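Sequence order for the protein chains is A and B. The first sequence maps to residues 1 to 228 in our numbering. The second sequence maps to residues 1 to 228 in our numbering. Cβ coordinates follow ideal geometry from the N, Cα and C atoms, glycine included. All figures in this text were calculated on a predicted structure; none of them were measured in a lab. First up is the structure itself, then whatever we jot down about it.
Number of protein chains: 2
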Amino acid sequence: MTNKLNSNNLTKSEEDYLKALFQLLVEGKSAKVGNNQLAEYLKVSPASTNNMIKKLKTKQYVVSEKYGKLDLTKEGEYIAVRLIRKHRLWETFLYNYLNFTWDEVHDVAEQLEHIKSQKLINELERFMEFPTKDPHGEMIPNADGEYLAIPKVMLSSLSEGDICRLIAVDDGSVNFLKYVSEIGLALSSEIKILEVREFDKSIRIQFGEAIETITRKFADNVFVKKVV
Amino acid sequence: MTNKLNSNNLTKSEEDYLKALFQLLVEGKSAKVGNNQLAEYLKVSPASTNNMIKKLKTKQYVVSEKYGKLDLTKEGEYIAVRLIRKHRLWETFLYNYLNFTWDEVHDVAEQLEHIKSQKLINELERFMEFPTKDPHGEMIPNADGEYLAIPKVMLSSLSEGDICRLIAVDDGSVNFLKYVSEIGLALSSEIKILEVREFDKSIRIQFGEAIETITRKFADNVFVKKVV
DNA sequence: TTAATTTGTTAGTCATGCCTAACTTTTTTA
DNA sequence: TAAAAAAGTTAGGCATGACTAACAAATTAA
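What follows is the structure, given as structure tokens:
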């Protein structure tokens with residue numbers, strides 16, 4: 001699957017649906033993805049997703065039985081991965097060369113990922129000397145769509161006494177990203193779990209000099225590598 | 001008009017129409033632009049332009065009387081100039097940093113110019129150290145939309161014996177641009193008019209070692225500064 | 001200055017992609 | 001296991017922006 005002619009005639013919408021499905025299926029925790037779940041993720045009505053899924057099925061990017069769960073074909077997955085590749089390369093460019101901050105890159109990359117030009121993205125990658133991670137710590141798929149996914153350990157899955165290193169954050173929410181930088185967390189920060197409170201699942205963490213209490217929801221969006 | 005909030009909620013289509021109108025009105029030779037002319041330029045039906053013009057009139061970007069000629073308001077012109085600015089900055093980036101050739105830049109820039117982010121384009125400009133001309137020799141408007149248009153002298157307007165320097169070419173056609181580079185012409189080439197043939201308006205020109213015959217149509221797309 | 005031609009307008013259609021409301025199937029749970 | 005809840009589907013509508021066909025106005029030419 002090295003060079004497939006660039007006959008990508010998908011609309012922006014079609015691309016958005018395929019990418020969303022990929023993120024729920026492959027990157028998210030859900031083993032099965034349903035119509036309503038996809039609708040909620042994309043913030044559209046279930047009727048809209050149903051319609052689009054029908055279309056993507058005839059185009060052979062999606063498979064599913066009536067009333068059944070959704071899945072991507074190899075083709076569909078390939079398109080989604082290429083979008084993620086474009087998204088992350090653009091984020092890297094904005095962050096490293098154009099003075100964008102952590103929380104500013106996502107929205108503009110959402111637009112840029114739909115630009116259709118194989119050459120553009122491959123040259124951009126070369127220009128940046130083949131970065132492997134985007135500004136949020138996520139791996140960048142290569143030109144063949146190979147995707148070296150690092151198993152994502154959520155900060156919320158650790159226990160008291162554990163020590164870990166921040167390797168990535170979810171980039172879906174600007175407010176979350178602002179919050180992360182405000183309290184002083186960054187990629188590679190070493191974090192110690194001081195306490196996990198049973199009552200509301202909030203977590204007391206220490207990093208550098210700082211001690212903070214974070215919510216379960218916050219910790220679900222922070223990915224780490226366990227050190228101890 | 002220095003900073004105007006970025007409340008540009010125009011669709012890609014609306015932007016395309018405004019830009020096209022600007023190019024016909026300000027950059028083209030036509031003093032008056034009509035509906036059918038715009039339709040032909042955009043390769044859509046006159047009914048489509050009529051419809052869109054109606055819409056742009058209610059939005060106060062275009063003015064015209066029924067059955068009358070089209071004109072842009074200050075607002076409409078401002079939007080068009082910003083699109084041209086984005087187009088030319090992207091072309092410059094593709095050409096100077098991403099190994100795109102003369103004839104490859106246009107199509108991708110047509111997509112990139114619709115990306116909505118003031119910061120993106122201003123940072124891109126800063127990153128490239130404020131270039132003043134795009135790869136085809138056209139002036140790049142600044143962030144305030146100031147547009148230092150150089151009077152365009154068509155190569156076809158010169159006479160036998162004249163000597164001129166190539167300062168810009170029209171970037172609308174890939175085939176034309178390929179043709180230009182194939183025969184060896186480039187920005188700054190010094191060109192001497194050897195003969196203008198009355199019969200078919202073809203022109204015999206000399207540049208460097210080369211002597212070529214070019215058609216009137218070709219010469220209409222080449223802009224020069226007269227030297228002698 | 002009338003007729004022919006060009007230009008502009010209107011009406012009605014179509015595809016895309018969104019919506020709500022109503023309905024059906026599946027899953028959950030009491 | 002039957003009722004309730006959740007999930008999925010269908011029908012019908014709307015906005016955008018294209019189209020064709022038919023018609024009206026303005027311009028050009030005979």
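For the pair Glu123 (chain B) and Ala109 (chain B), the CB atoms are not nearer than the 7 Å cut-off.
Per the DSSP secondary-structure output, Thr213 (chain B) pairs in a beta bridge with B:Arg204. Between the alpha carbons of Ile163 (chain A) and Pro141 (chain A) lies a gap of roughly 29 Å. Assignment of alpha helix (DSSP H) within the stretch 116-163 of chain A, counting only whole runs of 4 or more residues, yields 118-127 in chain order. Ranked by Cα distance from Asn36 (chain B), the first of B:Lys29, B:Ile53 and B:Glu198 is B:Ile53. In this structure, the beta-carbon distance from Pro135 (chain B) to Tyr95 (chain B) falls below 7 Å.
In this structure, Asp171 (chain A) sits away from Asn221 (chain A), with a CB-CB distance that is not shorter than 7 Å. Listed in chain order, the non-local C-beta contacts of Ser202 (chain B) below 6 Å within the same chain comprise Thr213 and Thr215, local neighbours out to five positions each way being set aside. According to DSSP, residue pairing for Arg82 (chain A) in a beta bridge does not occur.
Look at Phe199 (chain B) here: in three-state DSSP terms it is coil, with no helix or strand label. CA-CA distance, Ala20 (chain B) to Leu72 (chain B), rounds to 11 Å. B:Tyr17 is the residue among B:Tyr17, B:Gly208, B:Val81 and B:Glu195 whose C-alpha sits nearest the C-alpha of Pro46 (chain B). For the pair Ile205 (chain A) and Leu158 (chain A), the Cα-to-Cα distance works out to about 11 Å. Of all residues in the stretch 173-185 of chain A, none places a beta-carbon less than 8 Å from a beta-carbon of chain B. Taking 7 Å as the cut-off, the Cβ atoms of Leu83 (chain A) and Gly137 (chain A) do not count as close. Rounded to whole angstroms, the gap between the alpha carbons of Ser181 (chain A) and Ile167 (chain A) is 14 Å. One thing to note: Leu148 (chain A) has its Cβ no nearer than 7 Å to the Cβ of Glu125 (chain A).
Contact annotation: Gly28 (chain A) and Lys69 (chain A) have beta-carbon atoms that are not nearer than 7 Å. Proximity of chain B to Tyr97 (chain A) at the Cβ level (cut-off 7 Å) is accounted for by Phe127, in chain order.
A distance below 7 Å separates the beta carbons of Glu190 (chain A) and Arg165 (chain A). Within the same chain, and ignoring the five residues on either side of Leu177 (chain A) in sequence, the residues whose Cβ sits closer than 6 Å to its Cβ are Trp102 and Asp103. For Lys225 (chain B), the uninterrupted beta strand (DSSP E) run begins and ends at Val222 to Lys226, by DSSP.
Counting the other Cβ atoms within 10 Å of the Cβ of Phe100 (chain A) gives 16 or more, which makes it buried. Separation of Val224 (chain B) and Ser30 (chain B) (C-alpha to C-alpha, rounded to the nearest whole angstrom) is 19 Å. Contacts with chain B at 7 Å (Cβ-Cβ) do not include Gln23 (chain A).
If you compare the alpha carbons of B:Glu75, B:Ile79, B:Glu40 and B:Asn50 with that of Glu65 (chain B), the shortest gap goes to B:Asn50. Look at Leu187 (chain B): its C-beta is not under 7 Å from any C-beta on chain A.
Beta-bridge partners assigned by DSSP to Arg88 (chain A): none are found.
In the three-state reduction of the DSSP assignment, Leu10 (chain A) falls in the coil class.
For the stretch 98-120 of chain A, the set of residues with a beta-carbon nearer than 9 Å to any beta-carbon of chain B comprises Leu98, Asn99, Phe100, Glu104, Asp107, Val108, Gln111, Leu112, His114, Ile115, Lys116, Ser117, Lys119 and Leu120, in chain order. The alpha carbon of Met139 (chain A) has as its nearest neighbour, out of A:Asn175, A:Tyr67, A:Leu185 and A:His87, the alpha carbon of A:His87. Closest in C-alpha terms to Gly76 (chain A), from the list A:Lys116, A:Met128, A:Leu112 and A:Leu25, comes A:Leu25. Under the three-state reduction of DSSP, Asp170 (chain A) is assigned to coil, being neither helix nor strand. Residue state for Lys32 (chain B) is assigned as coil, using DSSP reduced to three classes.
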